[in-house]
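Taken in order, the sequence shown gives residues 1 to 676; the numbers are from our numbering. Positions of the beta carbon are idealized from the N, C-alpha and C atoms, including for glycine. In this text the structure is predicted, and so the values were computed from the model without any measurement.
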Amino acid sequence: MIPEIGHLALLLALATACLQASVPLLGAQRGDPRAMALAAPAAHAQLVLIVIAFASLTWSYVTSDFSVFNVVQNSHTMKPLLYKITGVWGNHEGSLLLWVLILALFGSAVAAFGRHLPPSLKARALAVQAMIAVAFLALMIFTSNPFLRLDQPPAEGRDLNPVLQDPGLAFHPPFLYLGYVGFSIVFSFAIAALIEGRVDAAWARWVRPWTLAAWASLTMGIALGSWWAYYELGWGGWWFWDPVENASFMPWLIGTALLHSAVVAEKRDALKTWTILLAILAFALSLIGTFLVRSGVLTSVHSFATDPTRGAFILVILVIAIGGSLALYAWRAPTLKTGGLFAPVSREGALVLNNLLLATSCATVFIGTLYPLFLEGLGGAKVSVGPPFFNATFVPLMVPLLGAMAVGPLLAWKRANLGAALRKLWLPASAALAAMLFALVFASPAPLLAYAGVAIAAMLAASTLLEFAARAGAFKRGDVGAFRRAFNLPRATWGTTIAHFGVAVCVAGIVVSSAWQSEVIRQLKPGESIDIAGWRITFMSTALTQGPNYAARRALFEARAGSGAAITLQPAKRYYPSTGAVTTEAAIRTSGFGDLYVTISDPSEGAAQGGNPRFLFEAPADAAWAVRITYNPLVPWIWIGAGIMALGAAVSLSDRRLRVGAPSRARIAAQPSPAE
Numbered sequence: 001m002i003p004e005i006g007h008l009a010l011l012l013a014l015a016t017a018c019l020q021a022s023v024p025l026l027g028a029q030r031g032d033p034r035a036m037a038l039a040a041p042a043a044h045a046q047l048v049l050i051v052i053a054f055a056s057l058t059w060s061y062v063t064s065d066f067s068v069f070n071v072v073q074n075s076h077t078m079k080p081l082l083y084k085i086t087g088v089w090g091n092h093e094g095s096l097l098l099w100v101l102i103l104a105l106f107g108s109a110v111a112a113f114g115r116h117l118p119p120s121l122k123a124r125a126l127a128v129q130a131m132i133a134v135a136f137l138a139l140m141i142f143t144s145n146p147f148l149r150l151d152q153p154p155a156e157g158r159d160l161n162p163v164l165q166d167p168g169l170a171f172h173p174p175f176l177y178l179g180y181v182g183f184s185i186v187f188s189f190a191i192a193a194l195i196e197g198r199v200d201a202a203w204a205r206w207v208r209p210w211t212l213a214a215w216a217s218l219t220m221g222i223a224l225g226s227w228w229a230y231y232e233l234g235w236g237g238w239w240f241w242d243p244v245e246n247a248s249f250m251p252w253l254i255g256t257a258l259l260h261s262a263v264v265a266e267k268r269d270a271l272k273t274w275t276i277l278l279a280i281l282a283f284a285l286s287l288i289g290t291f292l293v294r295s296g297v298l299t300s301v302h303s304f305a306t307d308p309t310r311g312a313f314i315l316v317i318l319v320i321a322i323g324g325s326l327a328l329y330a331w332r333a334p335t336l337k338t339g340g341l342f343a344p345v346s347r348e349g350a351l352v353l354n355n356l357l358l359a360t361s362c363a364t365v366f367i368g369t370l371y372p373l374f375l376e377g378l379g380g381a382k383v384s385v386g387p388p389f390f391n392a393t394f395v396p397l398m399v400p401l402l403g404a405m406a407v408g409p410l411l412a413w414k415r416a417n418l419g420a421a422l423r424k425l426w427l428p429a430s431a432a433l434a435a436m437l438f439a440l441v442f443a444s445p446a447p448l449l450a451y452a453g454v455a456i457a458a459m460l461a462a463s464t465l466l467e468f469a470a471r472a473g474a475f476k477r478g479d480v481g482a483f484r485r486a487f488n489l490p491r492a493t494w495g496t497t498i499a500h501f502g503v504a505v506c507v508a509g510i511v512v513s514s515a516w517q518s519e520v521i522r523q524l525k526p527g528e529s530i531d532i533a534g535w536r537i538t539f540m541s542t543a544l545t546q547g548p549n550y551a552a553r554r555a556l557f558e559a560r561a562g563s564g565a566a567i568t569l570q571p572a573k574r575y576y577p578s579t580g581a582v583t584t585e586a587a588i589r590t591s592g593f594g595d596l597y598v599t600i601s602d603p604s605e606g607a608a609q610g611g612n613p614r615f616l617f618e619a620p621a622d623a624a625w626a627v628r629i630t631y632n633p634l635v636p637w638i639w640i641g642a643g644i645m646a647l648g649a650a651v652s653l654s655d656r657r658l659r660v661g662a663p664s665r666a667r668i669a670a671q672p673s674p675a676e
């Protein structure tokens with residue numbers, strides 16, 4: 001009965017979304033307040049109905065209701081409760097339900113907190129949001145129904161992919177979808193503004209908090225996914241330029257550009273049409289990512305579906321949404337009035353450079369990700385575009401971008417003196433030089449670009465703190481006065497400083513972990529040792545263990561740095577009988593400044609037999625095992641930096657000015673003007 005309630009709730013949600021997509025839009029066109037007012041209760045009703053559907057599917061998973069085909073495909077009675085719950089979104093149908101749940105959540109949030117929005121803009125934005133909901137609810141109901149029943153339920157399910165049975169998967173997809181889908185509301189505001197033919201500082205102020213929320217969520221989603229891949233997949237890396245990884249990274253890059261462009265649109269009434277375009281592109285790239293993981297064009301642990309019918313449905317949605325929005329932009333953008341002018345050397349100019357570099361870097365990732373798919377689709381040969389391409393095209397664009405981040409905040413709005421700003425950089429330049437000298441003296445030899453990366457990270461961190469100190473008046477007042485003024489600065493200023501400092505921390509982690517990583521791969525027997533990065537690691541023994549739904553071979557290592565106390569590391573290989581899958585569980589010892597990372601592979605006999613799982617349990621006590629030991633310096637800083645960036649966005653979002661008290665909307669008539 002519960003699945004039928006969920007299915008009925010989806011059907012009612014589709015009907016409600018159709019009503020929300022049509023009546024308020026028509027009311028805004030005719031100036032009918034009653035029709036426009038329908039948008040808010042419809043958005044709330046749609047959210048309630050989808051919550052009922054989501055709760056129904058979750059209940060089916062928790063109770064192991066194997067009369068539901070989706071539960072059979074992705075659950076098992078022996079699976080721990082946490083993974084039964086996360087299994088709801090660990091598949092195509094369930095993740096799509098989470099997608100529309102978050103879509104409805106954002107629409108309901110705008111309805112609840114958009115009291116200061118003009119009624120016509122609010123009605124149009126919620127109508128556009130409902131149109132997106134109609135498309136994805138129809139996709140789910142007609143091609144991906146999570147509530148399909150079986151006439152003869154099996155006694156047991158097929159279980160979830162073992163690599164997805166991890167606590168990281170409890171948080172990674174929800175945060176990722178909050179980012180993906182969060183850009184939908186910014187897209188809806190952009191389309192509503194184009195329909196009205198009016199974009200001004202007030203519109204930019206209304207859009208900023210939703211952009212911040214989506215960007216912060218996507219940042220956390222990408223970071224959690226990277227961290228999960230690092231410790232769960234057993235390969236010791238944190239990013240591989242996988243197409244599905246890139247699918248989430250592209251909207252993040254454009255979303256970052258949008259965040260900075262919206263600041264210029266709000267403060268200087270400039271870059272308005274460019275900001276609209278970025279809002280469209282951010283959600284368009286989110287849709288492209290949805291298509292990649294659900295169309296069957298990619299084979300990846302991250303992808304959900306291989307059914308071409310579903311892919312064709314999503315492709316139609318993608319073409320209508322992106323094609324229609326870009327056509328509307330091409331028609332309406334030239335009629336929008338241009339805003340304030342500014343000199344190339346100014347804070348606006350630095351933000352424009354920031355936008356251009358972010359957009360160009362996104363274009364390189366887009367080409368590297370989709371070119372092989374286009375070539376194969378046209379009947380060409382299969383080609384592989386991997387890390388060498390992205391390292392050669394993407395990384396060089398980041399150097400001037402980080403430089404602009406260091407200099408830009410020190411420039412004045414509208415017109416600035418570049419020489420004066422550069423003179424202020426003597427302290428950050430000193431920090432960069434000190435960091436480079438430290439790496440040269442105390443670290444092993446590395447490529448020249450690595451030392452440059454360390455210097456840039458140090459310079460960005462010092463410049464960020466210098467700009468904040470200048471805002472607090474640290475160079476004009478006594479220490480007590482500066483301290484008091486710092487606490488009185490707007491939260492958005494605090495948030496910007498925190499986020500930029502997080503970028504510096506993340507860059508340091510990326511550069512140092514990539515350039516100074518140490519790794520040894522060797523066959524070891526119990527009692528043998530390996531020396532790496534000042535550590536002596538001794539292979540002690542292996543033992544069989546039993547988990548709730550798996551059997552494992554756990555190895556015991558003892559690690560000692562110099563004359564320090566010994567620590568133990570216990571990597572493992574797990575075997576899941578329900579699926580026959582074998583996974584690698586890494587043992588990681590972290591100090592915050594580096595990770596000692598140990599994994600075991602197959603015993604020598606198992607490797608000779610193509611990794612037959614039985615050798616995990618039949619290997620003799622003195623068997624030689626393939627062991628990978630890696631030392632990754634500063635690698636935790638990558639995720640710490642990403643967390644600091646998201647924290648900065650959250651602090652900015654808490655600024656009351658971004659939630660209430662938006663400036664009054666200027667009544668600007670649409671008129672032709674040159675494109676910005």
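Just to confirm before moving on: does the CB-CB distance between R574 and T568 stay below 8 Å?
no
Measuring alpha carbon to alpha carbon, tell me which of Q129, A566 and H92 ends up nearest N145.
H92
Given 8 Å, three or more beta-carbon pairs between the region 340-352 and the region 400-410
yes
Whose C-beta lies closer than 6 Å to the C-beta of N355 among residues of the same chain, with five residues either side of it excluded?
A257 and S261
With a Cβ-Cβ cutoff of 8 Å, do G594 and N632 count as a contact?
yes
What does the Cβ neighbour count give for Q546, buried or exposed, with the cut at 16 atoms within 10 Å?
exposed
When we look at the beta-carbon of N488 and count the other beta-carbons within 10 Å, is it buried (16 or more) or exposed?
exposed
When DSSP labels each residue in this structure, what does P633 get in the three-state scheme?
strand
Report the rounded CA-to-CA distance for M436 versus A443, giving the unit in angstroms.
10 Å
Starting from P603, follow the beta strand (DSSP E) in both directions and report where the run begins and ends.
G594 to P603
In whole angstroms, give me the CA-to-CA distance for S361 and P243.
15 Å
Alpha carbon to alpha carbon, how far is L326 from L47?
28 Å
Supposed close pair L121, A192 - CB separation, criterion 8 Å:
5 Å
Let me know the alpha helix (DSSP H) ranges lying completely inside the region 538-601, each 4 residues or longer, listed in chain order.
none
Based on DSSP bridge pairs, tell me the residues matched to V520.
Bridge partners of V520: I629.
Uninterrupted alpha helix (DSSP H) stretches inside the region 60-121 (no shorter than 4 residues):
69-74, 81-86 and 92-113
Where G31 falls, given that 16 or more other Cβ within 10 Å makes a residue buried
exposed
Please identify the residue among W206, A247, P162 and S430 whose C-alpha is closest to the C-alpha of P80.
P162
Measuring only the C-alpha atoms, how far is W206 from A504?
Roughly 29 Å between the two C-alpha positions.
Assign A662 to one of two classes, buried (16 or more other C-beta atoms within 10 Å of its C-beta) or exposed (fewer than that).
No answer about A662 holds up, because its pLDDT of 49 lies below 50 and its placement is not dependable.
Measuring alpha carbon to alpha carbon, tell me which of S591, A561 and M540 ends up nearest Q570.
M540
At which residues does the beta strand (DSSP E) containing I320 begin and terminate?
Here I320 belongs to no beta strand (DSSP E), and DSSP marks it neither H nor E.
State buried or exposed for W331, treating a residue as buried only when at least 16 other CB atoms are found within 10 Å of its CB.
exposed
Confirm, please, whether the CB-CB distance from V454 to A533 is below 8 Å.
Contact: no.
Please go through the same chain and pick out, in chain order, the residues whose beta-carbon is closer than 8 Å to the beta-carbon of C18, but skip the five residues on each side of it.
A130 and V134
Pull up the distance between the alpha-carbon of A42 and that of G197, whole angstroms please.
25 Å
Do G502 and G648 have their C-beta atoms closer together than 8 Å?
Cβ atoms of G502 and G648: closer than 8 Å.
For T599, tell me which candidate among A53, R553, W413 and E618 has the shortest Cα-Cα distance.
R553
With distances taken from CA atoms, which of R536, A566, T273 and K525 is nearest T542?
K525
List the DSSP bridge partners of W535.
I532 and A561
Beta carbon of L410 nearer than 8 Å to that of K424
yes
From the DSSP secondary-structure annotation, give me the bridge partner or partners of R149.
V68
C-beta atoms of I254 and A216 nearer than 8 Å
By the CB criterion at 8 Å, I254 and A216 fall outside the cutoff.
Within this structure, are the beta carbons of L139 and I317 separated by less than 8 Å?
yes
Between the Cα of W89 and those of T77, Q73, V635 and T273, spot the shortest distance and give me the residue it belongs to.
Put simply, of T77, Q73, V635 and T273 the residue whose alpha carbon is nearest the alpha carbon of W89 is Q73.
Count the other CB atoms, across all protein chains shown, that sit within 10 Å of the CB of Y691; report buried if there are 16 or more and exposed otherwise.
Because the chain is modelled from 1 through 676, residue 691 falls outside the range shown and cannot be assessed.
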